[in-house]
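Protein chains: 2
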Amino acid sequence: MTRASPFRQRGSMRGQSLAERVYATLKQMIFDFELLPGDYFSEAEVAERTGASRTPVREALHRLRREGYVEVHFRSGWQVVPFDFDVFEQLYDVRIVLECAAVERLCAMSEPPPMLQALRDIWCVPGQARSFDPAMAEQDKAFHTALVTASGNQEMARIHRDVSERIHIIRRLDFTQATRIEATYDEHAVILEALARRRTAHAQQLLSAHIALSRNEVRKITLHMLHEARSRHAQGPPEA
Amino acid sequence: MTRASPFRQRGSMRGQSLAERVYATLKQMIFDFELLPGDYFSEAEVAERTGASRTPVREALHRLRREGYVEVHFRSGWQVVPFDFDVFEQLYDVRIVLECAAVERLCAMSEPPPMLQALRDIWCVPGQARSFDPAMAEQDKAFHTALVTASGNQEMARIHRDVSERIHIIRRLDFTQATRIEATYDEHAVILEALARRRTAHAQQLLSAHIALSRNEVRKITLHMLHEARSRHAQGPPEA
DNA sequence: ATATATCGACTTGTATACAAGACGGTATTG
DNA sequence: CAATACCGTCTTGTATACAAGTCGATATAT
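Here is the structure:
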């Protein structure tokens, strides 16, 4: 079988391996609903699509499997893990636990980290200065990730990053409504206020409510979006 | 190259793949200090030792890499990640955060889960009924894992299990002293008491102190044990 | 003697060949 | 016609071949 669209780098690899790029490509396809939850596909299909051989494809797939995005059926192909809202809600709750712990540490610090002011510059702004582009989801993710990273425990930050990445696929859907974006700005602002004043319990309560609200909103939207995606793309799995 | 000691199953694989067994074997070797932190080794060596080819070996190694046990140097071999006590302490702190969150949920439940009584049967026993075998570390791990699992959030339980597994290599060292085993029994007992009486804050405080104590004890012991291991095994990496 | 250039053994990354089981369609048998 | 056995196709798991780069030892030049 000849390589289809060999997006291999010339010379050699420039920092990232072929397996890593296949990994990123596949995850992007899942996030873009180009591969729908429940879809079946084979390693050979992915190899042909990406222009790589099965070896790096398998490495990428097994990594995605460990991370919960796909699963393998013994000698019967791969499948995008179907949505399980219970799992997503549990992951939201993990976020609440980790981020509240981060808040406790942040408030206990002798001096507030400079990162806090940087966040205030972004989020504590009047209505006309607010951004509404589709990259809002990334900014929101960056906000919460920054809180945990600044708390000082890098292992906790790594775990939190993985959890955030995992629910990013549905969290994005929360930023398609203008009212939800407004609410995000408002809530981030008051959280940062409470943090600046070292009101630990208050900040934790605001943060918990903020995440829980997002969790509940997303559940409603996801079903709708999934339905739309199923209509746009035909039912054929990876061959768009 | 012919297979050395092919511990491959006859017929076919009975549930677990070759890659998984190589993974388990390597992790065991690391836990047994047969592969010491800092040791260098190659895929070919592991393949010869385990009787598998490089393919499943690579899969096992990359999984261990994702989990933080080994790292790969581009075309220069693999290395057991050297001990980093800062990382271990951070992981201990993650355990405190997760297990305290579990306690909060357990105390908030309308009725205590039956697992609580099972744990009391094990840990709330008089001195002569206590076990002192080397499997204590596993029992201790099971205690803490059970708390988080019983709290209901399975994703949190999975993360907690990974963290516990990661620090298990040094946590075992805490159970080589009889006084530490005694303390573990005592502390588990009072934690279970507080849980049964739904004293949330008290149980959290006891649990935090219990984990923090273990964290501090282990740091002291680890250096000693590492020194001993280095003396027993020669300096040659995997070829014992 | 010392510094440098070159070469070769060894490493991982990737591609391909082979093995063994799953699954569905088809032919066969009642 | 219905049920069943069989066989070919397709799948992943594993082994091996090839590619490209690293690193140290050795020889050479200054």
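From first to last, the protein sequence lines are chains S and D. Mapping to UniProt numbering: the first sequence position 25 is 25, numbers consecutive. Mapping to UniProt numbering: the second sequence position 119 is 119, numbers consecutive. Glycine residues also receive a C-beta, built at the ideal position from the N, C-alpha and C atoms.
Excluding five sequence positions before and after residue 185 of chain S, the CB atoms of its chain that fall closer than 7 Å to its own CB belong to 123 and 130, given in chain order.
Beta-bridge pairing by DSSP links residue 77 of chain S to S/73. In the displayed model, residue 41 of chain D falls within a strand according to three-state DSSP.
For residue 136 of chain D, the enclosing alpha helix (DSSP H) begins and ends at 136-150. Between residue 89 of chain S and residue 215 of chain S, the gap from beta carbon to beta carbon is short of 8 Å.
Where residue 117 of chain D is concerned, the enclosing alpha helix (DSSP H) starts and stops at 115-123.
Contact residues of the segment 98-116 of chain S toward chain D are 98 and 101 (C-beta to C-beta distance below 8 Å). Of the candidates S/57, S/99, S/26 and S/183, the residue whose Cα lies closest to the Cα of residue 132 of chain S is S/183. For residue 81 of chain S, same chain residues with a beta-carbon under 7 Å away, outside a window of 5 residues either side, are 37, 68, 69, 70 and 71 in chain order. Scanning D/199, D/192 and D/62 for the CA closest to the CA of residue 121 of chain D turns up D/192. Here the segment 150-165 of chain D lies against the segment 89-102 of chain S, with 3 or more beta-carbon pairs under 8 Å apart. Residue contact check for residue 90 of chain S against chain D: a CB pair falls below 8 Å. Listed in chain order, the non-local C-beta contacts of residue 17 of chain D below 6 Å within the same chain number zero, local neighbours out to five positions each way being set aside. If you check each beta-carbon in the segment 139-170 of chain D against every beta-carbon of chain S, the ones closer than 7 Å belong to 153, 154, 155, 156 and 159. A distance below 8 Å separates the beta carbons of residue 194 of chain D and residue 206 of chain D.
Per DSSP, the unbroken alpha helix (DSSP H) holding residue 186 of chain S starts and ends at 178-196. At least 8 Å separates the CB of residue 174 of chain D from every CB of chain S. Residue nearest to residue 39 of chain D within the set D/189, D/51 and D/26 is D/26 (criterion: CA-CA distance). Within chain D, the residues placing a beta-carbon under 9 Å from that of residue 87 of chain S are 154 and 155, ordered along the chain. Annotated three-state conformation of residue 127 of chain S is helix, per DSSP. The Cβ neighbour count for residue 56 of chain S, taken over all protein chains shown within 10 Å, is at least 16; the residue is labelled buried. Between residue 64 of chain D and residue 43 of chain D, the CB-CB gap reaches or exceeds 8 Å. Taken through DSSP and simplified to helix, strand or coil, residue 65 of chain S comes out as helix. Apart from sequence neighbours up to five positions away, the residues of its chain that approach residue 218 of chain S with a beta-carbon distance below 7 Å are 170, 171, 173 and 174, ordered along the chain. The beta carbon of residue 196 of chain S sits closer than 8 Å to those of 112, 116 and 120, all from its chain and outside the five residues before and after it, given in chain order. A straight-line Cα-Cα distance of about 40 Å links residue 208 of chain D and residue 30 of chain S. Annotated three-state conformation of residue 161 of chain D is helix, per DSSP. In this structure, the beta-carbon distance from residue 190 of chain D to residue 147 of chain D does not fall below 8 Å. Restricting attention to D/79, D/168, D/46 and D/199, the CA atom closest to the CA of residue 140 of chain D is found in D/168. Along the segment 68-82 of chain D, there is no position whose C-beta sits under 7 Å from a C-beta of chain S. Excluding its 5 nearest sequence neighbours in each direction, residue 163 of chain D has C-beta neighbours in its own chain below 8 Å: 91, 94, 95 and 98, listed in chain order.
Around the CB of residue 85 of chain S, fewer than 16 other CB atoms lie within 10 Å, so the residue is classed as exposed. In chain order, 59 make up the part of chain D whose C-beta sits under 7 Å from the C-beta of residue 62 of chain S. Pairing residue 161 of chain S with residue 149 of chain S, the inter-Cα distance amounts to about 9 Å.
In this chain, the alpha helix (DSSP H) harbouring residue 28 of chain D covers 18-31.
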